[in-house]
Amino acid sequence: MTQPTPIRRVSGDRPRLLDLFCCAGGAGTGYHRAGFQVDGCDIADRPNYPFPYQRGDALAYLAELITTGEIRRYAMLHASPPCQDKCSLTVGTNRSQGWGGTHEDLVAPTRDLLDHTGLPYVIEQPNGRAEIRKDLTLCGEMFGLGVIRHRNFELGGWTTARPAHVPHRGRVRGYRHGHFYDGPYVAAYGNGGGKPTVAELQAAMGMDWTDVREELTEAIPPAYTEFIGRAYLAATNALGAAA
């Protein structure tokens with residue numbers, strides 16, 4: 009296991025957010041645009057991550073921050089823990105092939121640690137059977153993006169209004185059972201079957217700082233977490249004004 013090392017600090021007046029399982033920074037970029045100072049943590053090497061970044065096991069690092077009290081430098085936490093065992097694509101494949109039980113599901117241990125911090129948090133998961141509350145479900149069409157990419161978010165220690173889902177304008181472009189379908193959205197997963205180019209993925213996701221396909225296909229569009237971050241800041245500002 010990669011051992012955590014101290015994260016680089018950044019000065020500034022913005023509230024600070026810890027982006028766990030950060031990948032290339034789709035979520036972190038949205039929070040930064042909303043007004044946060046962002047630090048990331050991921051077990052993989054992420055040279056394209058655009059903010060101060062800690063390489064190491066995210067849960068081990070979070071536990072260390074809790075133990076040392078350093079977690080108190082954060083105002084909010086975001087986590088996108090692996091849950092391949094219960095995502096829609098894996099569930100469908102496992103059912104058809106008779107597989108299962110070999111993928112990670114870190115949602116529950118992540119939530120346990122997040123609850124232990126006492127801080128407000130967000131847990132993100134794709135559609136599937138991941139055991140999270142679907143306090144928010146966001147879609148690319150809500151933000152005029154070229155992907156559908158439904159994502160669910162559990163909000164810990166705070167709440168905001170759930171936006172209405174926006175009807176899709178058509179199909180996701182690509183091959184289905186040997187037939188090509190055109191449409192206003194690209195498929196932000198995989199490689200074959202008429203999948204988009206990297207440039208098309210960058211434009212559709214709103215992510216121009218990485219050209220690594222795997223990072224683009226794993227990411228949350230920044231528009232999602234910009235919406236969430238602004239909602240959180242508006243909620244806390246309203247509480248402060250009422251105090």
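So the sequence shown is numbered by this note's numbering: it starts at 9 and just counts up by one. Even glycine gets a Cβ: it sits at the ideal position worked out from N, Cα and C.
(request) Let me know the secondary structure DSSP gives Asp113 once reduced to three states. (result) Looking at Asp113 - three-state DSSP - the assignment turns out to be coil, as it is neither helix nor strand.
(request) Consult DSSP for Gly33 and reduce its assignment to one of helix, strand or coil. (result) Note: Gly33 maps to coil in three-state DSSP.
(request) Can you tell me the Cβ-Cβ gap for Arg181 and Tyr193, rounded? I've got them flagged as a contact below 8 Å. (result) Under the criterion of beta carbons closer than 8 Å, Arg181 and Tyr193 qualify as touching, at roughly 7 Å.
(message) Let's test the definition: count the other Cβ atoms within 10 Å of the Cβ of Thr75 and tell me whether it reaches 16, buried, or not, exposed.
(response) So Thr75 ends up on the exposed side.
(request) Measuring only between beta-carbons, confirm whether Val206 sits less than 8 Å from chain C. (result) Here there is only one protein chain, and chain C is not present.
(message) I need the boundaries of the alpha helix (DSSP H) containing Arg221, first residue and last residue.
(response) DSSP places Arg221 inside the alpha helix (DSSP H), whose first and last residues are 221 to 226.
(request) Just the C-alpha distance for Ile236 and Asp123, rounded to the nearest angstrom, thanks. (result) Cα-Cα distance, rounded: 19 Å.
(message) Please give the ranges of any alpha helix (DSSP H) in the segment 113 to 144, keeping only runs that are unbroken, at least 4 residues long and fully inside the region.
(response) For the segment 113 to 144, whole alpha helix (DSSP H) runs of length 4 or above, ordered along the chain, are 115 to 125.
(message) One question on the structure: do Ala195 and Leu224 come within less than 8 Å of each other, judged by their Cβ atoms?
(response) No, Cβ-Cβ distance for Ala195 and Leu224 is not below 8 Å.
(message) Between the segment 34 to 42 and the segment 62 to 70, can you find at least three pairs of beta-carbon atoms closer than 8 Å?
(response) With a cut-off of 8 Å, the segment 34 to 42 and the segment 62 to 70 do not count as touching, because too few Cβ pairs lie within range.
(message) Determine whether the beta carbon atoms of Ala35 and Glu132 lie at a separation below 8 Å.
(response) Contact: yes.
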